[in-house]
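So for the sequence shown, the numbering used here puts the first residue at 15; every next one is plus one.
All C-beta atoms, glycine included, are put in the ideal place defined by N, C-alpha and C.
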Amino acid sequence: MLRIFMIVTVMTLCSFTVSARNIHVASDVWCPYVCDTQPGYLVEIMQRAFESQGDKVIFTQMPFKRALKEAQVGNIDAVLAITATVAAANQLLIDDTEVGYVSNDFFVVKNNSWTYHQLSDLNQQSIAVIKGYDYGDVLEPYLQQHKALFLASGEDPLSMNIIRLIKGRHKVIVDNRHVIEYTAKQLGLIDKIQYAGSMPDKQPLYIGFNARQAAALARFALGVKALKQSGEYQQILDKYQSL
């Protein structure tokens, strides 16, 4: 009887070892969603959603465009904070598990009287955006035709755009308001910029998994559901909203 118990125990441990996985995810800095000096709330949610099922999340910071390419070819398992449009364009898997929203919010330097009301207001402005990001069905086509457009890339492109805005390299930056304000605070530059309006449309954000990770996507959805039921999801969100 003891021998049978020992065999069952060993088989159980072996089964756990085989089933435990490393989930490799990547994105650029987009704090408080994805941060450099701390994980960011999406990284923490990913970690907890998978840890609760015996898996380990390994996060790598890299430029957003590179992360999409790495996921496409299967070198990483998932990319954080993408829209449905980006997922489709890069053959990444998503489901209905939303992890936030992205909005197109405009910022200028302090004491600049310009504000956004309609698309034509941008005609005479030099605009800075981030290469590879999706700016929606209305703004994206406009930006592709805009002559005075500056594209930032790298591991922390938003910081680059904020610094260049203050230096006068361009007049307007576009991104999520919470992310711009958070990043400007971290740079010590929040007093040098100001909010200048938003477009009305918002897009939900997802975690995009590569085409071979349908099972990981299902486990992620299950883990997020459990985090929300326990209240831990909101606790993680509240922590970053208060920073």
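Taking buried to mean at least 16 other C-beta atoms within 10 Å of its own C-beta, is E58 buried or exposed?
buried
So, with DSSP's three-state summary, where would you put V43?
coil
Return the residue from the list F78, Q208, G237 and D252 that minimises the CA-CA distance to G68.
G237
Suppose you measure from the CA of Y220 to the CA of V122; what does that come to, to the nearest Å?
28 Å
Fully enclosed by the segment 152-204, which alpha helix (DSSP H) runs are 4 residues long or longer?
171-180 and 191-201
Is DSSP giving T74 helix, strand or coil here?
strand
Counting only beta-carbon separations shorter than 8 Å, does Q75 have a partner in chain C?
Looking at the structure shown, chain C is missing, and only one protein chain is on hand.
Do you know offhand how far R35's Cα is from A162's?
46 Å
Report yes or no: do three or more beta-carbon pairs, one from the segment 141-149 and one from the segment 201-212, lie closer than 8 Å?
no
Rounded C-alpha distance that separates W44 from D170
8 Å
Determine the direct distance from the alpha carbon of L172 to that of Q217, and round the result to whole angstroms.
19 Å
Going along the chain, which residues of its own chain have a beta-carbon closer than 8 Å to the beta-carbon of P53, five neighbours each way excluded?
Q61 and F73
Rounded separation between L203 and A229 - CA only
43 Å
So S212 is in the beta strand (DSSP E); what residue range does that whole segment cover?
I207 to F223
At the level of alpha carbons, what is the spacing between F234 and F64?
6 Å
Counting along the chain, where does the alpha helix (DSSP H) carrying Y55 start and finish?
Y55 to E65
Sequence-distant residues of its chain with Cβ nearer than 6 Å to K70 (five each side left out):
N36
Output yes or no for whether 8 Å exceeds the beta carbon distance between Y47 and A95.
yes
CB-CB length for G222 against A92, believed under 8 Å
6 Å
Alpha carbon to alpha carbon, how far is E246 from E112?
16 Å
Measuring straight from C-alpha to C-alpha, what distance separates M25 and Y254?
Note that M25 has pLDDT 40, beneath the 50 cutoff, so the model's placement of it is unreliable and the number below is only indicative. Spanning the two alpha carbons is a distance of roughly 42 Å.
Using only alpha-carbon positions, find the residue among T197, H192 and L241 that is nearest to D50.
T197
Quick one: give me the first and last residue of the beta strand (DSSP E) that I141 is part of.
I141 to I144
If the criterion is Cβ atoms closer than 8 Å, does the pair D42 and Q86 meet it?
no
In terms of alpha-carbon separation, which member of S167, D215 and I90 lies closest to T97?
D215
Beta-carbon gap between G146 and N118 smaller than 8 Å
no
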